[in-house]
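Numbered per my numbering, the sequence shown spans residues -19 to 341.
Using N, Cα and C, we set each Cβ at its ideal position, and we do this for glycine too.
Computed from a prediction, not measured in an experiment: that's the story for all the values here.
Notes follow the structure.
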Amino acid sequence: MGDLTEQQQKVSILLKKSPLIISGPCSAETEEQVMQTAIRLAATGKVDIMRAGIWKPRTRPGSFEGIGTKGLPWMQQAKKETGLPIAVEVATAKQVEDALHFGVDVLWVGARTTVNPFSVQEIADSLKGVKVPVLIKNPINPDLELWIGGMERIAKAGIEELGLIHRGFSSYGNTEYRNAPMWHLAIEMKRRYPGIPMINDPSHICGRRDILQEVAQQAIDLDFDGLIIESHIDPDNAWSDAKQQITPEVLKEMLEAIRWRKEDVASAEYHAALEKLRQQINQLDDELLQVLSTRMKVAEKIGEYKKNNDITILQTNRWNEILERAVGKGNKVGLSEDFITKYMDAVHMESINHQNKIMNS
Ligand code: PEP
Ligand code: MN
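This is the structure:
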């Protein structure tokens, strides 16, 4: 860290902290709002970095598109007053330049930018030779490669401190969430890049206050490295994302109510008990694989009959019957309809593939 300034070293150490807590308004609105939010966030004693959107990529024109560069000195002042490092979203080379000029400590790439390789490349090019941590939000669509590509472009520019933000994925129509979490995608990303911090953004996943706590808890249960949560001194009157913001004091309560879990403990007793259960799981997985393999052999036999009698592989009635039966039985033994449907679908597809081979051999 020899060539880093004192402030850069401080931020660098902070980014390795777990859980890392980032909070602040969706958008910087006024000088007063930025300063008051910063003071109240600092007073919680629980926030590591203050965030605020300066340029807001809005889905449709006519909404508040961010205060722009004039908000950066407000952020800088808030940092000076409270000691909280500051983070903003950047989407163009000019925004990177302005943010760095006003001492922004951490940059993030928004979900609407991660989807666009031209934009990410422009940001990456503007970061050559610069030392600043960059967090990359998942793209709005559930595409892991695009998320990885965004990270690779920034990494190739020489940025060493990278982090990922899981903010959920958009879908058509109204759902419980504003952006479906699709946890498996974040988990897969964590599996592929174990060294890169994964921060959860419950605010943009939920889109509303009442389920923030449970989503944040779920992220911590899944061993995420931190949370980025929007906060505002007057949430209901926020100029953007009003429904999902909370006051710094509510944030504090929320963070106090979270059960922070660790990935591991040193206790030998715990490890012995866990090892036993894990062996059971392995044993059961082996049995499941054996049963599935037997099931496929039976499906192949059916395939032979269908072939000899010139019958189609897919018989919709039979498939409906299998599914209904499985959902009904699954329900009785505590397996959700959603799981059974996905599971049976995968099993059925594998059967079809096996039968396909037989029919065309
Ligand atoms: C934001 O953080 O305010 C924001 C615009 O988020 P996202 O890019 O996840 O939509
Ligand atoms: Mn927002």
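Distances from the CA of glutamate 61 to each of Ala23, Pro37 and Glu69 were compared; the closest alpha carbon is that of Ala23. Apart from sequence neighbours up to five positions away, no residue of its chain approaches histidine 328 with a beta-carbon distance below 6 Å. Distances taken from the Cβ of glycine 33 to the heavy atoms of the ligand PEP include one shorter than 6 Å. Going by beta carbons, valine 89 and isoleucine 120 fall outside the 7 Å limit. A check of alpha carbon separations from arginine 133 across Ala104, Gly283 and Tyr157 identifies Ala104 as the nearest. C-alpha of valine 114 to C-alpha of tyrosine 285: approximately 59 Å in a straight line. Nearest Cα to valine 110 within the set Glu125, Val86, Phe319 and Met324: Val86. When only Cα atoms are considered, phenylalanine 82 and alanine 67 end up about 11 Å apart. For secondary structure counted as the beta strand (DSSP E) over 3 or more consecutive residues, the stretch 177 to 212 holds these complete runs in sequence order: 178 to 180 and 206 to 210. The alpha-carbon separation between isoleucine 34 and tyrosine 323 amounts to approximately 44 Å. Note on geometry: alpha-carbon atoms of proline 161 and serine 220 lie some 21 Å from one another. Taking a 10 Å sphere around the C-beta of asparagine 159, we find 16 or more other C-beta atoms and assign the residue as buried.
Beta-bridge analysis with DSSP links tryptophan 88 to Glu69 and Leu115. Boundaries cannot be given for methionine 162, as no alpha helix (DSSP H) includes it and DSSP labels it neither H nor E. Taken through DSSP and simplified to helix, strand or coil, isoleucine 29 comes out as strand.
The criterion of a C-beta distance shorter than 7 Å is not satisfied by glycine 148 and isoleucine 179. Here threonine 17 is buried, its C-beta having at least 16 other C-beta atoms within 10 Å.
For the ligand MN, a non-hydrogen atom lies closer than 6 Å to the CB of aspartate 221. Between arginine 239 and the set Phe204, Ala253 and Gln259, the nearest pair of CA atoms involves Phe204. In this structure, cysteine 186 has its beta carbon at no less than 6 Å from each heavy atom of the ligand MN.
Within the model, the alpha-carbon separation for isoleucine 1 versus isoleucine 145 is close to 12 Å. In the DSSP annotation of this structure, serine 151 is not part of any beta strand (DSSP E), being labelled neither H nor E. The ligand PEP has no heavy atom closer than 6 Å to the beta-carbon of arginine 38. Closest by C-alpha distance to glycine 63, out of Gln(-12), Asn289, Ile200 and Gln198, is Gln(-12).
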